[in-house]
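If you count the sequence shown from 1, position 145 lands on 923 in the numbering used here, and the numbers rise without skipping. Idealized CB from N, CA, C, for every residue including glycine.
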Amino acid sequence: MVAKRKKDLAPPWHAVHVIGSLQTGGAEKMVVNFLQAADKTRFRHTVLCLSHAGEMAPEVEACGVEVKVHRMRFRRFWRDIEALASWFRQENVAVVHSHMYYATVWARVAGLRAGVPVLVTTEHGKELWKNSFHNALGNWLSKRTHKHICVSHDVLDLRTRRQGQLADRSLVIPNGVPIPSDEGVAGIRARIRGEFGLGVDQPVFGTVGRVVEAK
């Protein structure tokens with residue numbers, strides 16, 4: 779199943795970031811933030827969405843990164859895997875960096891078929907819905923993955939203790955959050971207080987998340 783890895787890659791290396799889509803969400807926003815700050819001299823970046831582009835795709839394109847859609851369907855698993863692997867080979871991909879469970883499965887299997895030199899995942903959440911099959915597949919793929927980036931120690935602990943991920947290939951890198959300028963912060967505060975009718979001296983506590991069961 780594993781193709782011979784390439785030896786002839788030269789900079790700028792092609793890094794492909796694989797995710798279901800760039801719809802509004804935390805993992806998706808992290809990908810956007812990363813690409814806005816990413817090194818574009820040593821690496822050529824492409825985002826590959828496996829269902830649809832999503833409403834945040836223009837933010838990625840605005841920073842000079844191409845967004846492509848390559849639909850993957852379980853009923854055509856191997857045919858779509860071969861098509862994705864063929865695209866990786868044609869594009870001389872050096873790094874496949876995938877996000878979220880199903881995208882990481884598709885991306886790594888296709889990356890192995892294509893002989894992509896470096897396979898990386900970012901582990902964004904606990905994914906408590908996974909069963910023994912998902913964990914066994916994750917363990918098999920983990921042995922063929924170069925690094926798993928976990929966004930917290932809690933995620934790292936869960937993945938390595940219960941979900942089959944290899945500890946020696948895992949590390950923690952917390953999500954980076956862009957900090958706006960003081961002027962920008964003041965404007966945001968004034969706007970939000972105005973929307974909720976809050977005075978300038980009233981303390982405000984809040985949390986942000988999508989209204990879904992996992993949150």
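Buried versus exposed call for residue i [16 or more other C-beta atoms within 10 Å across all chains shown]
i    : result
R891 : buried
S910 : exposed
E901 : buried
V882 : It should be pointed out that residue 882 corresponds to Thr in this sequence rather than to Val. By the 10 Å Cβ count, T882 comes out buried.
M779 : The predicted model places M779 with a pLDDT of 46, which falls under 50 and marks its position as unreliable, so this point remains unresolved.
W884 : buried
V796 : buried
F866 : buried
E991 : exposed
A835 : buried
V838 : buried
L826 : buried
I966 : exposed
T985 : exposed
H926 : buried
G977 : exposed
G972 : exposed
CA nearest to the CA of residue i, picked from the options
i    : options                : result
A840 : C928, T824, R851, F852 : T824
D979 : G889, L800, T923, A968 : A968
R922 : L906, V933, G893, Q941 : G893
A815 : A872, I957, G972       : I957
E905 : A805, F812, Q801, S799 : A805
Q801 : V847, E833, N811       : E833
G798 : V986, V847, A861       : V847
Y994 : G972, R851, D935, L976 : The first residue shown for the chain is 779 and the last is 993, placing residue 994 beyond what the model contains.
V873 : V898, R854, A861, G975 : V898
H924 : G803, P895, W907       : P895
Supposed close pair residue i, residue j - CB separation, criterion 8 Å
i    : j    : result
R849 : S876 : Not really, about 16 Å apart at Cβ, beyond 8 Å.
V929 : N913 : In fact, because the Cβ distance is near 19 Å, the residues do not count as touching under 8 Å.
V933 : G903 : 7 Å
V845 : A831 : 6 Å
Proximal residues to residue i (C-beta, below 6 Å), its chain only, five neighbours per side dropped
i    : result
F821 : P790, W791, A793
W918 : none
I859 : V887, A888
A863 : A888, R891, A892
Cut-off 7 Å between Cβ atoms - residues of its own chain near residue i, not counting five sequence neighbours on either side
i    : result
A945 : T938
G842 : K818
G916 : Q941, G942, Q943
M808 : N953
N811 : G954, P956
V982 : L976
Residues near residue i by beta carbon distance below 8 Å, same chain, minus five either side
i    : result
L813 : H795, H823, V825, V838, C841, V843
S920 : H926, G942, Q943, L944, R947
K908 : Y879, G916, Q941
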